[in-house]
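Notes follow the structure.
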Amino acid sequence: MDAPVLPHRSHHSFQLAGERLRAHYARHQSTAAFWDAYQQIQAELTAEFPELRTELCNRLAVLAQGLGAVEQAQLLDPLEIS
83 MDAPVLPHRS HHSFQLAGER LRAHYARHQS TAAFWDAYQQ IQAELTAEFP
133 ELRTELCNRL AVLAQGLGAV EQAQLLDPLE IS
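Just so you know, we're using the numbering used here here: the sequence shown kicks off at 83 and counts up by one.
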């Protein structure tokens, strides 16, 4: 199942956040410094787009998995969050 398409403005912000996260992972791998950056990026995105909080958190988790920071991303269930 494909992820929902993000609205243009949030899609662009997520792309920029992804670039930042990739740079932090390249520099720090899966250390505390990477996870601090992850949390900061997540906080910025969800503050800017609170209505997309679950989707953005899940996309960041999948990105972290793709980078190799975690073996299996823990995704939020939007039905449990509401």
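Don't be surprised by glycine CBs; every beta carbon is placed ideally from N, CA and C.
For residue i, the three-state DSSP class (helix, strand or coil)
{"i": "Pro132", "result": "helix"}
{"i": "Gln111", "result": "coil"}
{"i": "Pro89", "result": "coil"}
{"i": "Leu145", "result": "helix"}
{"i": "Arg156", "result": "This sequence places Gln at residue 156; Arg is not what is there. The answer is coil: DSSP assigns Gln156 none of H, G, I, E or B."}
{"i": "Ala151", "result": "coil"}
Sub-8 Å separation of residue i and residue j beta-carbons
{"i": "Phe116", "j": "Ser92", "result": "no"}
{"i": "Leu149", "j": "Arg104", "result": "yes"}
{"i": "Leu142", "j": "Tyr120", "result": "yes"}
{"i": "Thr128", "j": "Leu158", "result": "no"}
{"i": "Gly100", "j": "Leu145", "result": "yes"}
{"i": "Ala151", "j": "Ser112", "result": "yes"}
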